[in-house]
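Taken in order, these protein sequences are the chains called Z, E, C and B.
The number in the working numbering is simply the position in the first sequence, starting from 1, with 7 added.
The number in the working numbering is simply the position in the second sequence, starting from 1, with 7 added.
The number in the working numbering is simply the position in the third sequence, starting from 1, with 7 added.
The number in the working numbering is simply the position in the fourth sequence, starting from 1, with 7 added.
Protein chains: 4
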Amino acid sequence: MEYEKILEDIAEDVLGGPPEGAVADYISELARVDPDKFGMSLYCLEDDAIYAIGDSEERFSIQSISKVLALTLALSIDNEEIWERVDVEPSGDPFNSLVQLEYEEGIPRNPLINPGAIVVADMLISRLESPKQALLEFVQSLSGLDDIGFNETVASSEADTGHRNFALANLLKAFGNIDNDVDEVLDFYFHMCSIEMSCSELAQTFAYLANHGRTSGRTGRIITKTQTKRVNAIMQTCGFYDEAGEFTFRVGLPGKSGVGGGIVAIHPQEYSVAVWSPRLNEKGNSHLGMRALELLTSRTGSSIF
Amino acid sequence: MEYEKILEDIAEDVLGGPPEGAVADYISELARVDPDKFGMSLYCLEDDAIYAIGDSEERFSIQSISKVLALTLALSIDNEEIWERVDVEPSGDPFNSLVQLEYEEGIPRNPLINPGAIVVADMLISRLESPKQALLEFVQSLSGLDDIGFNETVASSEADTGHRNFALANLLKAFGNIDNDVDEVLDFYFHMCSIEMSCSELAQTFAYLANHGRTSGRTGRIITKTQTKRVNAIMQTCGFYDEAGEFTFRVGLPGKSGVGGGIVAIHPQEYSVAVWSPRLNEKGNSHLGMRALELLTSRTGSSIF
Amino acid sequence: MEYEKILEDIAEDVLGGPPEGAVADYISELARVDPDKFGMSLYCLEDDAIYAIGDSEERFSIQSISKVLALTLALSIDNEEIWERVDVEPSGDPFNSLVQLEYEEGIPRNPLINPGAIVVADMLISRLESPKQALLEFVQSLSGLDDIGFNETVASSEADTGHRNFALANLLKAFGNIDNDVDEVLDFYFHMCSIEMSCSELAQTFAYLANHGRTSGRTGRIITKTQTKRVNAIMQTCGFYDEAGEFTFRVGLPGKSGVGGGIVAIHPQEYSVAVWSPRLNEKGNSHLGMRALELLTSRTGSSIF
Amino acid sequence: MEYEKILEDIAEDVLGGPPEGAVADYISELARVDPDKFGMSLYCLEDDAIYAIGDSEERFSIQSISKVLALTLALSIDNEEIWERVDVEPSGDPFNSLVQLEYEEGIPRNPLINPGAIVVADMLISRLESPKQALLEFVQSLSGLDDIGFNETVASSEADTGHRNFALANLLKAFGNIDNDVDEVLDFYFHMCSIEMSCSELAQTFAYLANHGRTSGRTGRIITKTQTKRVNAIMQTCGFYDEAGEFTFRVGLPGKSGVGGGIVAIHPQEYSVAVWSPRLNEKGNSHLGMRALELLTSRTGSSIF
């Protein structure tokens, strides 16, 4: 009800202005997406219901949003190892990613930047028999859906153009922070990023972060309350590339964006929300997505500040 | 009541363990402080009352906590200029401070790291006739006290040992981001850091950040609601040197620490809190201060995550 | 004669002291070498003769010395392209290799550091039909020998451990400064480094750099006089990792070292010289090799300073 | 004779083309210099005579050329200390100067870059009673002139604009590699750079580097043969900011340039040479000065490569 009206107002507002920003075009599959798509879905804990608007049921490439899922899966397996291999602090600008990795001797600043997520991927490969299958099953258990899958074309395109990721992974390997074969790790990493979901599916999937680590469905506890707090805290300080401070100010919720134009955000104990609009601002985050979430927290008074 | 009991429990808990960490000793005035001091004060918005425990009325050197006050004063004068000269994003590790400044051509990452606060100081000098006097009056108006002052011995000791700050200020000047004389800017900056306040005075002073920019007293609005949100967001992502992520996780509130062992934190619409314990952890933040605030948000359920 | 005596004196001197330094052990083939090997050979232009001592006829892995040969081959094909893709200035410390590459947007500082040699390898692959075969034939034409070859075990061991080189090559590729497949480029690069030659063969092979670009044999001109000057100048300023200044001071000749323990040096118009001793100093250059060359230039008065 | 003709040819050649490059203008005294000045002087060891052409007797600001004189004076006092505080290796690009200093914990890469020369200045202040007077007397003893002096206007202008040097000096101080007051050290450093000499005076002054450390006059030995070799080696690898490799290739002699448009170069056992032309190329070295020296070594066949 309330949320229905709020989402309608948001959609009207954000779709009213002239289009800004550009679709990611470093791989052709992402470039082909209709730039004017806009969808938004909010899962309300109290109502146990999804409120949605626009292209909320259309799947898109979740890209870096998957880093939160991979981290959660890793935490659910072993809470210790990952924090010995990855830090939890924000990083500086992207230029410094290789510099910092070099200076900090192969320990990535946090698990939501590429080198950190690559280490998480490596750990999952070591711990799981069929890591790709296991990750899909994990996402399926969170979402209650059984047809979540990888986009193989996207995954292989990422592999063709991801030279900087190969550079990072090899540097990590040189520092001894990658156990498996670099190609295998990155194959898994690129597949992870190629998962496709809709806004409503994402809102449902990420509900556990609003709910102390429990899904709303029959799956129950995914990670502990403390682990959930940790994941949310990392999203708050590190979820938006070089715009974490800006997002924290404007939206005031922990969240994570992807270059496919998706963003998920969490209001602990209240809701999980996902928004999709493929045009990105110059920092690589969805232009309208950020605007929509800013309006959401303004209108619901739910910013934490 | 409730807070009274909570503070008592916290004090008992944190004072029960063996002492950890060491007092900052790079200037003798700080080194001379009794390392076992512990005070904590919480200003509750609803009650318009201060709850305090321990050495809560003893003044100490607030050091970098003053950066928030200087930023607030600058915002109250002009909301635009500072954001043209300083960014709002977290920085990486301390090693990178000069590197980042160099790469980003003299634009500090945020106003709570030293180079950012030095630019804020420069702006205040340009805008105010007697900047030191004006800053004291501003803090006095926030706190309702008229005897807040600088510790001249601390200020001049900082000047004697602050070579890295002179390096930063001169690099900023080389990039054209300091208008005034470097010595004058740093003299003001070191004075700013030498302000002495007690926990209760700090809790009272920072109440405006919990109250949409308004003091509880007769002074009224200091900065706008949006500016307040901005300051809180910056504290959330950048307030703890290289431990912002850890503080966000453990405490889950925007805050700012100083090497004097003080920390202030804000629960918007609820309370402002200050804690003091001079022993610092290896990242330079008060060991027991962090622990005390973690206990506070655990027991009140007031973490944002 | 004169040189014969000088080499004898040098051998006596360097072999008299206690062994210092350690053999490179990052791949097992290099680690297996007898650390006490010592050989030295000098090709005198005037006499058109080789003077040699010790294990001067035993082949070893020339490693980075091959970078000079690859650069020469590239120059003999096209003098322009390589200087558009690689600079000619010394680099700072090894830590900065990735940093500098990042800052200078994929243009390596010079062709004798790894990223520069990788770009040279890429260019050779683009220009030559069978680059490995062509490189061997080129070296054979310089040396007058037809049995120079790669050590496949060394090459594949390098590939297994060369994560930092994969990082560099992928970063170069991300900046568009590698045209071919990274694996193919590094396969060629690792083969290049695996060439095995003896001191006498190296002295003969590098004679062209002492002789304005001409071999002593029937092959004739390899590169122009100006190109020869360029190669020598680059060896002078960049030939010894982070010890170029020290080598320039102690030996005073352009030269290039390899982690196999070999060093070649050139006295233009006078001689080319090669020395081999597998124990490396902490900067990665042959400990006795540097000492032997220092004695050579001291005794012949042939340092340029 | 021979040199007379060669200098005439060089002057004709370099002055024949259209002017290129721009005079340093960061301080007004340098900007006021006539950009078309050109002078060149060569001191021939064998003849004990100076050959000169053009504006060879007009004094100009020697700027960074003075770093070699300060280093020599420091070596003549104590050969050990300086090498504990400064390295002898080339540095990378200028961007990295602060980065490298930070990473290498306050040890400058070499004594001919600004941080290295600042450390040399600090050492001279500690060792000499009246360092400014002592430096002038030292230069007077090398040159045989008694009216060499500082340009106070230049020195104080440098102090007004040298923010980056203040940044470097304070960072060095923070690392404990400056013993004296930063302002005092930089005052000496800026005075050192403000010395004014003519080409002929420079050629005479630097004769000791061509003569194993001995002046041609009655002063005799300045530094040892080994120290001389060290200074020349450092000039060879580090004397030209980010163009050391290019100068080594084109000229092939150890040398040092200054932003006043002067360059000195040394052919050990043969000659010392100074050239002056104020227009600088984009790397900050005299455009015609480099051309003139390139012609000199081409025509005399005296390049070392």
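Glycine residues also receive a C-beta, built at the ideal position from the N, C-alpha and C atoms.
Scanning chain B for C-beta atoms nearer than 9 Å to the C-beta of leucine 105 of chain E yields Leu105, Val106, Leu108, Glu109, Ala174, Leu178, reported in chain order. Rounded to the nearest angstrom, the Cβ distance from threonine 304 of chain C to valine 271 of chain C is 14 Å, too far for a contact under 8 Å. Three or more beta-carbon pairs separated by less than 8 Å link the region 278–288 of chain B to the region 206–226 of chain B, which places the two stretches in contact.
Contact between arginine 298 of chain C and valine 30 of chain C is absent: CB atoms are separated by about 16 Å, not below the 8 Å threshold. The C-alpha of lysine 290 of chain C lies about 11 Å from the C-alpha of serine 264 of chain C. In the DSSP assignment, no residue is bridged to glycine 23 of chain E.
In terms of Cβ geometry, histidine 170 of chain E and alanine 181 of chain B form a close pair [threshold 7 Å]. The beta carbon of aspartate 249 of chain B sits closer than 7 Å to some beta carbon of chain C. Aspartate 94 of chain C and aspartate 194 of chain Z have their C-alpha atoms some 34 Å from each other. When the beta-carbon positions are compared, isoleucine 229 of chain E and tyrosine 248 of chain E stay at least 7 Å from each other.
Taken atom to atom, the span from the alpha-carbon of phenylalanine 173 of chain Z to that of aspartate 186 of chain Z is near 15 Å.
Of all residues in the region 206–229 of chain B, none places a beta-carbon less than 8 Å from a beta-carbon of chain C. Judged by their CB atoms, tyrosine 50 of chain E and leucine 14 of chain E are not nearer to each other than the 7 Å cut-off. Using a Cβ-Cβ cut-off of 7 Å, arginine 66 of chain C does not count as an interface residue toward chain Z, since no Cβ of chain Z sits closer than that to its own. Contact between arginine 134 of chain B and isoleucine 114 of chain B does not hold, since the beta-carbon distance rounds to 19 Å and is not under 8 Å.
When Cβ-Cβ separations below 7 Å define contact, alanine 128 of chain E makes no contact with chain B. Here the alpha carbon of serine 164 of chain C sits roughly 11 Å from the alpha carbon of cysteine 200 of chain C. The closest CA to that of leucine 78 of chain C, considering only C/Leu52, C/Leu119, C/Asp43, is found on C/Leu119. Residues of chain B with a Cβ closer than 8 Å to the Cβ of alanine 181 of chain E are, in chain order, His170, Arg171, Ala174.
Under the Cβ distance rule, valine 189 of chain B does not count among the residues neighbouring chain C, no pair being separated by less than 7 Å. Excluding the 5 residues flanking it on each side, leucine 143 of chain C has same chain C-beta neighbours closer than 7 Å at Ile155, Gly156, in chain order. DSSP places valine 126 of chain Z within a helical segment (H, G or I) once states are collapsed to three. In this structure, the straight-line span from the alpha carbon of glutamate 96 of chain C to that of cysteine 245 of chain B is close to 10 Å. The residue among B/Asn288, B/Val238, B/Glu88, B/His198 with its C-alpha nearest the C-alpha of phenylalanine 254 of chain B is B/Asn288.
Under the Cβ distance rule, valine 258 of chain C does not count among the residues neighbouring chain B, no pair being separated by less than 7 Å. Of the candidates B/His219, B/Ile84, B/Leu37, B/Gln140, the residue whose Cα lies closest to the Cα of methionine 130 of chain B is B/Ile84. Excluding sequence positions up to five before and after alanine 18 of chain B, its CB lies within less than 6 Å of the CB of Ile60, Gly61, all in the same chain and listed in chain order. The three-state secondary structure of isoleucine 72 of chain Z, taken from DSSP, is helix. Going by beta carbons, isoleucine 69 of chain B and alanine 81 of chain B fall outside the 7 Å limit. Residues of the region 85–97 of chain C with a C-beta less than 7 Å from any C-beta of chain B: Val95, Glu96, Pro97, listed in chain order. A straight-line Cα-Cα distance of about 14 Å links asparagine 117 of chain E and leucine 175 of chain E. Within the same chain, Leu119, Ala124 come within 6 Å of lysine 74 of chain C by CB-CB distance, once the 5 residues on both sides are set aside. Under the three-state reduction of DSSP output, alanine 31 of chain B falls in the coil class, being neither helix nor strand. Glycine 252 of chain B has its alpha-carbon roughly 12 Å from the corresponding atom of alanine 251 of chain C. The Cβ atoms of asparagine 158 of chain E and glutamate 203 of chain E sit closer than 7 Å to each other. Counting along the chain, no alpha helix (DSSP H) covers histidine 274 of chain Z; the unbroken beta strand (DSSP E) around it starts and ends at 269–274.
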